[in-house]
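So for the sequence shown, the UniProt record's numbering puts the first residue at 1; every next one is plus one.
A quick write-up on the structure given underneath.
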Amino acid sequence: MSPFRFFLSQDKDSPPSEKLVTDIHRRWKLCVMFAVAMVLFYPLDCWLLGRPSPETLVLRVAWGLEVVLVMWARERMDPRWAAWNDSLQTVLATSFFVGLIVLTGGSQSPYLSSTACVPLTIALVFTEATLPALLSGMVCLGGILGMWWAEGQDDSILVWALLVVSSTFFGTYGAMRFRKAQAAEAQVLIERARREALEKLAVAERHRAQTEKLATVGRLAANVMHEINNPLAFVRSNLDFLRTEMLALPLPESVRTELSEVFDETHVGVERIQRIVTDLKGFSRMDGEETGECALSDVVTDAAMLAAVRLRNVARLRVEVPPGLPEVIAAPRRLAQVVLNLLVNAGDALEEAKVRDGEVRISGGEENGRVFLVVEDNGPGFPPEVLPRLFEAFFTTKGPEKGTGLGLSLSREMVERFGGTIRAENRPEGGARVRLDLAAHRPAAVEGEGAS
1 MSPFRFFLSQ DKDSPPSEKL VTDIHRRWKL CVMFAVAMVL FYPLDCWLLG RPSPETLVLR
61 VAWGLEVVLV MWARERMDPR WAAWNDSLQT VLATSFFVGL IVLTGGSQSP YLSSTACVPL
121 TIALVFTEAT LPALLSGMVC LGGILGMWWA EGQDDSILVW ALLVVSSTFF GTYGAMRFRK
181 AQAAEAQVLI ERARREALEK LAVAERHRAQ TEKLATVGRL AANVMHEINN PLAFVRSNLD
241 FLRTEMLALP LPESVRTELS EVFDETHVGV ERIQRIVTDL KGFSRMDGEE TGECALSDVV
301 TDAAMLAAVR LRNVARLRVE VPPGLPEVIA APRRLAQVVL NLLVNAGDAL EEAKVRDGEV
361 RISGGEENGR VFLVVEDNGP GFPPEVLPRL FEAFFTTKGP EKGTGLGLSL SREMVERFGG
421 TIRAENRPEG GARVRLDLAA HRPAAVEGEG AS
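The following block contains the structure:
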C-alpha cells in the first residue's frame, strides 16, 4: 500500500503522523509541479503547429487544474471511494492527452507515437488495480478509432490502435503479476514471522519448563537436605569414632594402612553426598543469578561431578583445565549447565555409537586475551549435513525420547549472553569438538598497568 493510500485509510479523527504529513506535502508539491509543467510546455505546441494555439493552452490549463482538484478531492474523500477516484482520474487524464493529440494534428501529431505508452504508465502508477489501465487503454483506443473514422479511414492509424491494445494487455497483465508477486512475498513474510514467533514461544516455554523443573529440584533438595545432613552428621561422627578406636588397636601395619584408606574413602563419599545436594539446590537458583567473574576450573568441576553419573559406564572423563586461568565473565551455574549439557551430549553420542574405550576430554586455555574451553570426544563426530544446523532450535538427531532439539540452542543463547561464542566441528583424528570462547575478567589495576 502506498503511503498516500495508507493515509486515507486512517481514522479521520486521529492526527496523521509526521511521516504521512510529509508525504502529503510531497505529493501536493508534485501535483503543483505537474500542473505548472502542463502550462510551460505550451510553447512546444506552438512550435509544432507553427502558430499560437489558444485551444491547446486552455486544454493544458484545464489538465493541470484537474490534477490539483483530484488531489484536493482525494484528501477529503471516504477511503471506500478511492478506487473510483483513481478510475475517474485515469479517464480524465487520458482524455486530455487524446484531446491534445487531436488539437496538434490528429494522426499527424508527434504526440500520437506516445499513445501506446499511456496504458503502461497508468499500470505502473496504479499497480493495485487493473481497472485504471483498462480504462486508459479504452480511451486511447476510442480516440484513435475516432481519428481513423474522421480522417477518411486511413489504415495506417490502425497500427497505433494495435499497439495500444498490446500495451494495455501487457500493462494489465504485468500489474496483475506484480500484485500476485507482492501477495506471495507478503505471505512468505507472514509465514516467516509466524514461524519465528512459534520458535520464540517454544523456546520461552522450554525456559519456563526448565525453570520450573529446576525449582522443583531445588525445593526437593532444600527439603531433604536437612533430613540427609542429620544422618550424615551421625555417619561422619561415627566414622571418626570408629577410625580412632580401630586404629588404636594393635593391628598389623598393612591392615592399619588399609583401614585408614577405607575410612578416608568413606569420608570422601559422605562429603560428596553433601556436595551433590548443595549443587542441585544451587542449579535451581540460576535464573536469578547475575553475570560476574568466576573461575572456569570451579565451573568445570561442578559440571563434571554432575555428569559423572551419566558417563560412568559410557566413557572416561578427562579434565585438563589449568586452575591458574584468568576468571571469565559469566553466570557460574548457567555456564556449568552449558558444560553439563555438552558432556551429556558427548555421552549420548558415544553410547549410541557403542564406542569401546570411549573418552570425553575437557581442556581449557587462554588465547588472544580470551579464555577458551573445549569439550571433545572420540565418537563418530557430527555428520556434515548436521553441522550447519547444530544450534538451530528444535533440530536434533536424537529420538523424541531423548532430545527436544533445544539443548544446544539454549546453550548458545546462554553463552552469547555472557559475550562469548560457541562453535562445533569435527576433530581431524575423529570425534566431535565444541569450543567455547569467553571474555576474560581483567581487574582494573591490571588494565591500568597494561595501559601505562
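Where is the CB? At the ideal position from N, CA and C, for every residue including glycine.
Compute the distance between the beta-carbons of THR90 and PRO132, then report whether it is under 9 Å. yes
task: Could you tell me which residues DSSP puts in a beta bridge with GLY365?
output: PHE372
Query raised in the report: For the candidate residues GLY358, PRO332, ALA308, GLU366, whose alpha-carbon lies nearest to that of PRO322?
Result: GLU366
### Message
Tell me the residue span of the alpha helix (DSSP H) that contains ASN341.
### Response
332 to 353
Report task. Could you spell out the range, first to last residue, of the beta strand (DSSP E) harbouring GLU425? Result -> 421 to 426
- Message: Considering just the uninterrupted stretch of the alpha helix (DSSP H) at VAL386, what are its terminal residues?
- Response: Unbroken run through VAL386: none, as it is neither H nor E.
message = Once the 5 residues before and after LEU57 are set aside, which same chain residues still bring their CB inside 7 Å of it?
response = TYR42
query: Is the distance from the Cβ of ILE329 to the Cβ of THR301 below 9 Å?
result: no
**Message:** Rounded to the nearest angstrom, what separates ILE362 and GLY431 at their Cα positions?
**Reply:** 13 Å
Practice task
Leaving out five residues on either side along the sequence, give the residues of the same chain with a beta carbon under 8 Å from the beta carbon of ASP298.
Solution key: PRO332
In the DSSP output, which residue or residues are listed as bridge partners for GLY358? ALA315
- Along the chain, where does the alpha helix (DSSP H) that runs through GLU429 open and close? GLU429 -> no alpha helix (DSSP H), and no H or E assigned at all.
With distance defined between alpha-carbon atoms, name the residue in SER409, THR168, ALA161 nearest to GLN337. SER409
* Buried or exposed: GLU258, going by 16 or more other Cβ atoms within 10 Å of its Cβ? -> exposed
* Please say whether GLY269 and ALA315 have beta carbons closer to each other than 9 Å? => no
Please confirm if the region 100 to 107 is in contact with the region 143 to 160, defined as three or more CB-CB distances below 8 Å between the two stretches.
yes
### Query
Would PHE418 be called buried (16 or more neighbouring beta carbons within 10 Å of its own) or exposed?
buried
Terminal residues of the alpha helix (DSSP H) in which GLU293 lies: It is not in any alpha helix (DSSP H) - GLU293 instead sits in the beta strand (DSSP E) that spans 292 to 294.
When burial is assigned at 16 or more other CB atoms within 10 Å of the CB, is GLN10 buried or exposed?
-> Low per-residue confidence applies at GLN10: pLDDT is 42, beneath 50, and the placement is therefore not dependable enough to give any value.
Can you give me the Cβ contacts of LEU49 inside the same chain, cut-off strictly under 7 Å, excluding the 5 residues immediately before and after it?
THR104
- prompt: Exposed or buried, which one is THR172 when buried takes at least 16 other CB atoms within 10 Å?
  reply: buried
task: Pull up the distance between the alpha-carbon of ALA440 and that of PHE263, whole angstroms please.
output: 41 Å
key: Classification of MET97 by the beta-carbon crowding that lies within 10 angstroms, buried from 16 upward   = Before going further, note that residue 97 is Phe rather than Met in the sequence given. By the neighbour-count rule (16 or more Cβ atoms within 10 Å), PHE97 is buried.
Margin query: Could you give the first and the last residue of the continuous alpha helix (DSSP H) run that contains LEU112?
Written below: Neither: LEU112 is in no alpha helix (DSSP H) and is coded neither H nor E.
Assigned exposure category for GLU265 - 16 Cβ within 10 Å defines buried:
exposed
Exercise for review: Report yes or no: do three or more beta-carbon pairs, one from the region 107 to 116 and one from the region 150 to 170, lie closer than 8 Å?
Suggested key: yes
### Message
In the DSSP assignment, the alpha helix (DSSP H) including SER136 goes from what residue to what residue?
### Response
131 to 150
**Request:** Compare the Cα-Cα distances from ASN378 to each of ARG412, LEU343, ARG389 and report the closest residue.
**Result:** LEU343
_Check this for me: beta carbons of VAL318 and VAL360, under 9 Å apart or not?_
Per the sequence shown, residue 318 should be read as Arg rather than Val. Contact flag set, yes.
Inset, instruction - Look up VAL328 in the DSSP assignment and give the residues it is bridged to. - result: CYS294, ALA440
| First and last residue of the alpha helix (DSSP H) that includes ASP86? | 82 to 103
Next on the checklist: Taking 9 Å as the threshold (C-beta atoms), are ASP437 and ARG334 in contact?
Outcome noted: no
**Report entry** For GLU55, the first and last residue of its enclosing alpha helix (DSSP H)
**Finding:** 54 to 76
Note to self: Using 8 Å for Cβ pairs, my map puts ASP86 next to ALA129. What's the rounded Cβ distance?
What the structure shows: 6 Å
If we ignore side chains and look at the alpha-carbon of each, how far apart do TRP28 and PHE34 end up? 10 Å
**C-alpha gap between LEU209 and MET176, whole angstroms** = Checking the displayed sequence, the identity of residue 209 turns out to be Ala instead of Leu. C-alpha separation (whole angstroms): 49 Å.
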